[in-house]
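Visitor:
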Amino acid sequence: MSSIKELIRTEADGTLSFGDYELAAKAKKSDYEYQGDLYKVKTYADITKLERNGMFVYESVPGTAVHSFHATENGVSFEVESPKDTQVIIGLEEDAEYKIYINETNIGTMNTKMGGKLVLSIEKGDEDLVPVKVVKL
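Following my numbering, the numbering of the sequence shown begins with 11 at its first residue and continues without gaps.
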């Protein structure tokens, strides 16, 4: 059950949570201030998308709820909540190599190209929240 009814929020630990895959119609929230940047989230059952200062950060198909999203210059970590398997695209540094962990399992390394995007397939399994960690090498 998606627990981010306000579409985007800052958690007590300083991370960001966003998305609501239970919505039947598109919903969005713009100009959410977080750590000096403005975020925009669009979400519903088919897609969840996050932008920072007008730039791509995250997209999932179908829609997801993302918990504890934390991005640094060395990578990103978050937990994905979804009723089914999902494809996630993350905006990272261009032409860089990253080690990927899904559900605490090292699935190997991936390189970003000119666009800086990384595409991941996340299997729902029996977990309510699937942890994802992407570390720059």
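All C-beta atoms, glycine included, are put in the ideal place defined by N, C-alpha and C.
Keep in mind that this is a model prediction, so the values were computed, not measured.
Under a Cβ-count criterion, where at least 16 other Cβ atoms within 10 Å of its own Cβ denotes burial, should glycine 73 be classed as buried or exposed?
Guide: With 16 or more Cβ atoms within 10 Å of its Cβ, glycine 73 is classed as buried.
Visitor: Serine 40 to tyrosine 49, Cα distance in whole Å?
Guide: If I take the Cα positions, the gap works out to 6 Å.
Visitor: With methionine 65 as the anchor, note down where its beta strand (DSSP E) starts and where it stops.
Guide: That run of the beta strand (DSSP E) goes 65 to 71.
Visitor: Nearest by alpha-carbon distance to isoleucine 110: which of Asp136, Lys36, Ser27 and Ile132 is it?
Guide: Nearest option by C-alpha distance: Ile132.
Visitor: What are the boundary residues of the beta strand (DSSP E) that asparagine 121 is part of?
Guide: Looking at the DSSP string, the run of the beta strand (DSSP E) that includes asparagine 121 is 115 to 121.
Visitor: So, under 8 Å CB-CB, threonine 119 and histidine 80 are touching, yes? Tell me the CB distance rounded to an integer number of Å.
Guide: Their Cβ separation, rounded to whole angstroms, is 20 Å, which puts threonine 119 and histidine 80 out of contact at 8 Å.
Visitor: I'd like to confirm the pairing. Which residues does DSSP put opposite leucine 26 in its beta bridges?
Guide: Leucine 26 pairs with Thr20 and Phe79.
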